[in-house]
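J.:
Number of protein chains: 2
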Amino acid sequence: MSSAAPRTPRRRDADVSRGAILDAAEHLFSQFGYERATLSEISRLAGVSTGLPTYFFGGKDNLYRAVLGRLIVEREARLEPLAERAVRSFESTGERRAALELLISGYVDFLRERLALVRLMGREALDGGRHLGAGPRHSAAVADAIERIAGTSSGDVDQLVITTVALCFFPFEHNDTMLAAMGRDAMSEDFAAARKRHVVDVLERVLGAG
Amino acid sequence: MSSAAPRTPRRRDADVSRGAILDAAEHLFSQFGYERATLSEISRLAGVSTGLPTYFFGGKDNLYRAVLGRLIVEREARLEPLAERAVRSFESTGERRAALELLISGYVDFLRERLALVRLMGREALDGGRHLGAGPRHSAAVADAIERIAGTSSGDVDQLVITTVALCFFPFEHNDTMLAAMGRDAMSEDFAAARKRHVVDVLERVLGAG
DNA sequence: GCGAACTTACTGTTCATTCAGTTAGTTGTC
DNA sequence: GACAACTAACTGAATGAACAGTAAGTTCGC
Numbered sequence: 000m001s002s003a004a005p006r007t008p009r010r011r012d013a014d015v016s017r018g019a020i021l022d023a024a025e026h027l028f029s030q031f032g033y034e035r036a037t038l039s040e041i042s043r044l045a046g047v048s049t050g051l052p053t054y055f056f057g058g059k060d061n062l063y064r065a066v067l068g069r070l071i072v073e074r075e076a077r078l079e080p081l082a083e084r085a086v087r088s089f090e091s092t093g094e095r096r097a098a099l100e101l102l103i104s105g106y107v108d109f110l111r112e113r114l115a116l117v118r119l120m121g122r123e124a125l126d127g128g129r130h131l132g133a134g135p136r137h138s139a140a141v142a143d144a145i146e147r148i149a150g151t152s153s154g155d156v157d158q159l160v161i162t163t164v165a166l167c168f169f170p171f172e173h174n175d176t177m178l179a180a181m182g183r184d185a186m187s188e189d190f191a192a193a194r195k196r197h198v199v200d201v202l203e204r205v206l207g208a209g
Numbered sequence: 000m001s002s003a004a005p006r007t008p009r010r011r012d013a014d015v016s017r018g019a020i021l022d023a024a025e026h027l028f029s030q031f032g033y034e035r036a037t038l039s040e041i042s043r044l045a046g047v048s049t050g051l052p053t054y055f056f057g058g059k060d061n062l063y064r065a066v067l068g069r070l071i072v073e074r075e076a077r078l079e080p081l082a083e084r085a086v087r088s089f090e091s092t093g094e095r096r097a098a099l100e101l102l103i104s105g106y107v108d109f110l111r112e113r114l115a116l117v118r119l120m121g122r123e124a125l126d127g128g129r130h131l132g133a134g135p136r137h138s139a140a141v142a143d144a145i146e147r148i149a150g151t152s153s154g155d156v157d158q159l160v161i162t163t164v165a166l167c168f169f170p171f172e173h174n175d176t177m178l179a180a181m182g183r184d185a186m187s188e189d190f191a192a193a194r195k196r197h198v199v200d201v202l203e204r205v206l207g208a209g
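Line by line, the protein sequences give chains Y and G.
Counting in numbering that gives the first Met the number 0, the first sequence runs from 0 upward without gaps.
Counting in numbering that gives the first Met the number 0, the second sequence runs from 0 upward without gaps.
(1) Is there a C-beta anywhere in chain G that falls below 8 Å from the one on residue 10 of chain Y?
(2) According to DSSP, is residue 210 of chain Y helix, strand or coil?
(3) Would you call residue 170 of chain Y buried or exposed, if buried means 16 or more other Cβ atoms sit within 10 Å of its Cβ?
(4) Reducing DSSP to helix, strand and coil, say where residue 2 of chain Y ends up.
(5) Could you run through the segment 101-118 of chain Y and flag, in chain order, every residue whose CB is less than 7 Å away from some CB of chain G?
(6) Go ahead and pull the three-state DSSP assignment for residue 191 of chain G.
(7) Name the residue from Y:148, Y:185, Y:203, Y:134 whose alpha carbon lies nearest to the alpha carbon of residue 180 of chain G.
(8) Measure from the C-beta of residue 164 of chain G to each C-beta in chain Y and report whether the shortest distance is under 8 Å.
(9) Using a Cβ cut-off of 8 Å (strictly closer), state whether residue 96 of chain Y contacts chain G.
(10) Can you find at least 3 beta carbon pairs, one from the segment 151-165 of chain Y and one from the segment 105-124 of chain G, that sit closer than 8 Å?
(11) Round the Cβ separation of residue 89 of chain G and residue 148 of chain G to the nearest angstrom and send it over; I've been treating them as touching at under 8 Å.
(12) Which of the three DSSP states, helix, strand or coil, is assigned to residue 176 of chain G?
(13) With 8 Å as the threshold, decide whether the Cβ of residue 192 of chain G is near any Cβ in chain Y.
(14) Pull out every residue of the segment 23-35 of chain Y whose Cβ sits closer than 9 Å to any Cβ of chain G, in chain order.
(15) What is the DSSP secondary structure of residue 202 of chain G, reduced to helix, strand or coil?
(16) Quick one: which residues of the segment 122-145 of chain G get their C-beta closer than 8 Å to a C-beta of chain Y? List them in chain order.
(17) Check whether the segment 40-49 of chain Y touches the segment 22-29 of chain Y, counting contact only when three or more Cβ pairs, one atom from each stretch, lie closer than 8 Å.
(18) Assuming residue 86 of chain Y is part of the alpha helix (DSSP H), what are its boundary residues?
(19) Between residue 176 of chain G and chain Y, is the shortest Cβ-Cβ distance under 8 Å, so that the two count as touching?
(20) With three or more beta-carbon pairs closer than 8 Å as the criterion, would you say the segment 43-50 of chain G touches the segment 60-79 of chain G?
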C-alpha cells in the first residue's frame, strides 16, 4: 500500500513531497492570497526546489485547486458525522438546545482549527468562486442539519441557514480587523466558548418562537 | 468652491480626472483585488493615460488607500445620522422593533448600494487590514446604536454587535458562492427585503428575552 | 508664457514556467 | 547479491511576460 510508512525514511518520496508542498501552499495561499503567495516561497517553505510544485501539480492554478480540494474533502469528513449526530440527537430526544450545542460547538471548533478553510472560502467568495467547481460552497451537512432541527415551523429556511453560517464564520473572517478593533480574538479559547453560547442562544430563541 | 460645476466643461480638470480614477479603481479593486487590478486597466476604464493615476496619487498603494478612505468617509456620513435617528426613536418611544427596522433597513440598503465597501472590507480583513490605518474597521455608528438599543440587559454586548454586523454583511460577502449555490441573490430587491425582516426578527427575539 | 495636467515610451523588477541535467530508488538478470 | 538498465523524483538557471513606476516631452487653461 502506497500510504504505508516505510521503516527506513527515503530521501525521495513523492507522497511526502506532495504533502509538504500542499501544506506550504495552504498556509501561504490562505495567509497572503493567490497572487502574493509565490511558488518560490511555497517551495522554500516546503523544503523543495522551485520547479517541483509545477512538476507535481502542473502549475500554480492547479496547486491552488488541489489545496482547496483537500480542504473541502476534510470539511465534509468532519462535518457530516457531526451533523448526523446532532440531527439524531434532536429527533430522538426532541431537545433542541442540546442538538444545537452539539452542532454549533463542533462547527466552530472545526473553523477555528482549520482557519485556512475560512480564509480561502472568503477569498473565493470575493473572487466569484472562480476556483471552486460545482462542489458545495459551504457545508451541505450543516445546512441540512439546521433545516431538520428547525422543522417546518420557521418561514424562510434559507435565511436561517445563511444566518447560522454567518454567525459562525464571520468572527474568524474578520478577526484581524473588526474583532481586533474591539480587543477580541476569535482564536482564543475564551472567545470561542462565548461565541458558541451566543450563537446557540440566538438560534434557540429564533426557533423557539416558530 | 472647487466642486462647483463649471458651465463650460473643461478638457482638463484635475478634480474630474481624480474622480474618474477613483471610480475606476474602486470598481476594479473591489472586483478583482489589489494585485489583479492593474494600473493600466484602471487608467483605461477611467479614460486617462497609464501615467496619470501615479501622477495624482503617487502610486498604486496610495491610490488604493484613497479609494478606501473615500468609502469610509461615505460610510460614516450615511450611517451616523441613521444610527442617531434609530437611537432617538427608541429612546423617545421605547419601541424596539421600530428602531431596529430603521437601523437594519438603512444599513442593509447602504451595503447593497455600496457593495464595493463590503468587498474591500472583506479583502482587508483577509489581508490583516494592512491598508487600513487606525480608522474604524466597521461602522462605529451602527455598533453604538445596537449597544444603546440593547440596553444594559444583555450579557455580552460585543457578541451582539458582531452578530448584527455579521447578519447584514455576510450575504453580500458570500453572494457569489454560498447564495449563488442556494439560487439566491443578495442584490435583488426581494432578497434584501426578506433579509431585513429576518435580521430584525432575530435581533428582536434576542433582545426581547434580555 | 507659465504652470499644471496629461501622455508616451521606457526601465527595472518580479514571477511562473520551462527544461536540460542530476541523483535516488527500483527492477531485472545472471 | 551485485551490477547494469531504467524510471521517477528533483534541481536550479534561463526565459519571457506582465506590470509598477519614471521621466522627458506635449498641450491646455488661465
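Even glycine gets a Cβ: it sits at the ideal position worked out from N, Cα and C.
These numbers were taken from a predicted model, which means no experiment stands behind them.
T.: Looking at the atomic coordinates:
(1) Counted from its first residue, the first sequence places residue 10 of chain Y at position 11. So no, residue 10 of chain Y is outside the interface.
(2) The question about residue 210 of chain Y has no answer here: the residues shown for chain Y are numbered 0 through 209.
(3) Here the question's residue 170 of chain Y lines up with position 171 in the first sequence. Burial call: buried.
(4) Within the first sequence, the letter at position 3 stands for residue 2 of chain Y. In this prediction, residue 2 of chain Y has a pLDDT of 38, which is less than 50 and means its spatial position is unreliable; what the coordinates show is noted afterwards. Note: residue 2 of chain Y maps to coil in three-state DSSP.
(5) 118
(6) One-based indexing of the second sequence puts residue 191 of chain G at position 192. Helix, per DSSP.
(7) Locating residue 180 of chain G in the second sequence gives position 181, counting from the first residue. Checked all of Y:148, Y:185, Y:203, Y:134; the closest Cα to residue 180 of chain G is Y:134.
(8) Against the second sequence, residue 164 of chain G aligns to sequence position 165. Chain Y contact via Cβ: present.
(9) Taking the first sequence and counting its residues from 1, one reaches residue 96 of chain Y at position 97. Judged by the 8 Å Cβ criterion, residue 96 of chain Y is not in contact with chain G.
(10) no
(11) Taking the first residue of the second sequence as position 1, residue 89 of chain G is located at position 90. Taking the first residue of the second sequence as position 1, residue 148 of chain G is located at position 149. 5 Å between Cβ atoms; contact.
(12) Here residue 176 of chain G corresponds to residue number 177 of the second sequence, with the count starting at 1. Correct three-state label for residue 176 of chain G: helix.
(13) Mapped onto the second sequence, residue 192 of chain G falls at position 193. Judged by the 8 Å Cβ criterion, residue 192 of chain G is not in contact with chain Y.
(14) 29, 30, 31, 32, 33, 34, 35
(15) Within the second sequence, residue 202 of chain G is the residue found at index 203, counting from 1. In this structure, residue 202 of chain G counts as helix in the three-state DSSP scheme.
(16) 122, 123, 124, 125, 126, 127, 128, 131, 135, 136, 137
(17) yes
(18) Position 87 of the first sequence, counting from 1, holds the residue named residue 86 of chain Y. First-last of the alpha helix (DSSP H) with residue 86 of chain Y: 59-92.
(19) Taking the second sequence and counting its residues from 1, the one referred to as residue 176 of chain G is at position 177. Cβ-Cβ to chain Y under 8 Å: yes for residue 176 of chain G.
(20) no
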